[in-house]
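**Q** Provided herewith is a single structure, encoded as structure tokens, for subsequent inquiry.
In the working numbering, the protein residues as written are 127 to 418.
See the structure below:
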């Protein structure tokens, strides 16, 4: 049992949202960090720092025409839906593309509209498999001043080595009072190269990284945590389990609450000793990366 989890289990809280805000996003043992000073909206700085480029991507083929001009297209094992304006047929203007017809797809460098409060950057290399499956999340506890620097470093290095990724970074100062203001998403198979790039970037931006990582994540280094993606919010999913155990053991000793939490994790085929893993996972995440 870590000291932090011990402190969490001593609290009289059994609400998942409260646990998420007070214990996952922040360290419950510390007072809330002072509001970050500076720009009220970092979107322009983050977009300017993004080294990815808008581009058109080939090798997509229509799987199924959809309504209103949309198409479902596939490249390798990856399938996505595209709206008119997001794709071009190779034959030029005309009727909507039909099944098995090749198309070119527009890949944006970034977006400020995917999730409230965050600017997303997208890698220039498109994954040939479903990009939302078998994901890892790398959490960066970066300062507000370091946010644009981290954006520039990740987009430059991961594009340079053709690693597919998504990276989100907080647009608003208040998000930098959390331990997860920036999150890098990669497929698990890219972890060896991603870990080496992350180690390099971590060293370059060490002065902008704070110490702690989100609750239940694997601490790779100062201010850098990892979790396997559960297909939903990692923090909220783990805090829901924590809330269940906390409610069942109100006013009970911490050791008893811990055993209850262990049982709640075990019932879902998860491990309280390695809570960053999905059910059945045994993958290795050495850091610094030392080879296979």
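Note that beta-carbon positions come from the ideal geometry of N, C-alpha and C, so glycine has one too. Please read these numbers as outputs of a predicted model, since none were measured by experiment.
How about residue 183 and residue 233: are their beta carbons less than 9 Å apart?
**A** Along the chain shown, one-based indexing puts residue 183 at 57. Along the chain shown, one-based indexing puts residue 233 at 107. Yes, the pair counts as a contact, with Cβ atoms nearer than the cut-off.
**Q** Given this structure, state the Cα-to-Cα distance separating residue 405 from residue 365, to the nearest angstrom.
**A** For the purposes of this step, residue 405 is taken as residue 279 along the chain shown, with counting starting at 1. For the purposes of this step, residue 365 is taken as residue 239 along the chain shown, with counting starting at 1. Cα to Cα, residue 405 sits roughly 16 Å from residue 365.
**Q** With a 10 Å radius around its C-beta and 16 neighbouring C-beta atoms as the bar for buried, classify residue 383 as buried or exposed.
**A** On the chain shown, residue 383 is found 257 positions in, with the first residue counted as 1. Burial call: buried.
**Q** What runs of the beta strand (DSSP E), each 3 residues or longer, lie entirely inside the stretch 170-258?
**A** Whole beta strand (DSSP E) segments, 3+ residues: 181-191, 197-201, 204-208, 213-215, 228-233, 236-241 and 244-248.
**Q** Check the DSSP bridge columns for residue 351 and list the partner residues they point to.
**A** To locate residue 351, count along the chain shown from 1; it is residue 225. For residue 351, which the question treats as bridged, DSSP gives the partners 265 and 345.
**Q** If contacts are defined as beta-carbon pairs under 8 Å, then residue 153 and residue 130 qualify, I think. What distance do you get, rounded to the angstrom?
**A** For the purposes of this step, residue 153 is taken as the residue at position 27 of the chain shown. For the purposes of this step, residue 130 is taken as the residue at position 4 of the chain shown. At roughly 6 Å, the Cβ-Cβ gap stays under 8 Å, so residue 153 and residue 130 are in contact.
**Q** If you draw a straight line from the C-alpha of residue 355 to the C-alpha of residue 320, how long is it?
**A** As a first step, residue 355 must be located in the chain shown, where it is residue number 229. As a first step, residue 320 must be located in the chain shown, where it is residue number 194. Taking the straight line from one Cα to the other gives about 16 Å.
**Q** How would you label residue 246, buried or exposed, when you count the other beta carbons within 10 angstroms and need 16 or more for buried?
**A** As a position in the chain shown, residue 246 is number 120, starting the count at 1. Answer is buried; the Cβ neighbour count reaches 16.
**Q** Quick check on the burial criterion: 16 or more other C-beta atoms within 10 angstroms. Buried or exposed for residue 305?
**A** Your numbering for residue 305 matches position 179 in the chain shown. Buried, because 16 or more other Cβ atoms sit within 10 Å of the Cβ of residue 305.
**Q** To the nearest whole angstrom, what separates the beta carbons of residue 415 and residue 401, a pair I think is in contact under 8 Å?
**A** Against the chain shown, residue 415 aligns to sequence position 289. Against the chain shown, residue 401 aligns to sequence position 275. 22 Å between Cβ atoms; not a contact.
**Q** Rounded to whole angstroms, what's the CA-CA distance from residue 281 to residue 359? Just pull it up for me.
**A** By 1-based counting over the chain shown, the position of residue 281 is 155. By 1-based counting over the chain shown, the position of residue 359 is 233. Rounded to the nearest angstrom, the two C-alpha atoms are 23 Å apart.
**Q** Who does residue 296 pair with in a DSSP beta bridge?
**A** Residue 296 sits at position 170 when you count from the first residue of the chain shown. Paired residues: 244.
**Q** Looking only at its chain, what residues have a beta carbon closer than 8 Å to the beta carbon of residue 276, apart from the 5 residues adjacent to it on each side?
**A** As a working mapping, residue 276 is identified with position 150 in the chain shown. Here the set comprises 266, 268, 295, 308, 327, 331 and 334.
**Q** Got a sec, what are the start and stop residues for the alpha helix (DSSP H) residue 317 sits in?
**A** Walking along the chain shown from the start, residue 317 turns up at place 191. Start and end: 317-330.
**Q** Buried or exposed for residue 161, please, with buried defined as at least 16 other CB atoms from any protein chain shown within 10 angstroms of its CB.
**A** The sequence position of residue 161 within the chain shown is 35, counting from 1. Legend: pLDDT at residue 161 = 48, less than 50; position of this residue unreliable, value from coordinates given subsequently. Note on residue 161: under 16 other CB atoms within 10 angstroms of its CB, so exposed under the neighbour-count rule.
**Q** Would you mind working out which of 150, 236, 215 and 238 sits nearest residue 227, comparing C-alpha positions?
**A** Here residue 227 is taken as the residue at index 101 of the chain shown, counted from 1. Nearest C-alpha to residue 227: 215.
**Q** Put residue 161 into one of helix, strand or coil per three-state DSSP.
**A** The sequence position of residue 161 within the chain shown is 35, counting from 1. Confidence at residue 161 is low in this model, with a pLDDT of 48, below 50, so the placement of that residue should be treated as unreliable; the coordinate-derived value is given next. Looking at residue 161 - three-state DSSP - the assignment turns out to be coil, as it is neither helix nor strand.
**Q** Can you have a look at residue 376 and say buried or exposed, based on whether 16 or more other CB atoms are within 10 angstroms of its CB?
**A** As a working note, residue 376 is residue 250 in the chain shown. Counting Cβ neighbours within 10 Å, residue 376 comes out exposed, since fewer than 16 surround it.
**Q** Who are the near neighbours of residue 346 in its chain, counting only those whose CB is closer than 6 Å to its CB and skipping five residues on each side?
**A** By one-based count along the chain shown, residue 346 stands at place 220. For residue 346, the CB contacts under 6 Å within the same chain, skipping 5 residues up- and downstream, are 352 and 413 in chain order.
**Q** Could you say which of 314, 302 and 217 lies nearest to residue 168 if we only look at CA atoms?
**A** Counting from one through the chain shown, the residue named residue 168 turns up at place 42. Closest option to residue 168, Cα to Cα, is 302.
**Q** Any beta carbon from chain B within less than 9 Å of residue 137's own beta carbon?
**A** This model lacks chain B altogether; it includes just one protein chain.
**Q** Run the CB neighbour count on residue 218, radius 10 Å, all protein chains shown included, and call it buried at 16 or more, exposed below.
**A** Position 92 of the chain shown, counted from the first residue, corresponds to residue 218. Within a 10 Å sphere around the beta-carbon of residue 218 sit fewer than 16 other beta-carbons, which makes this residue exposed.
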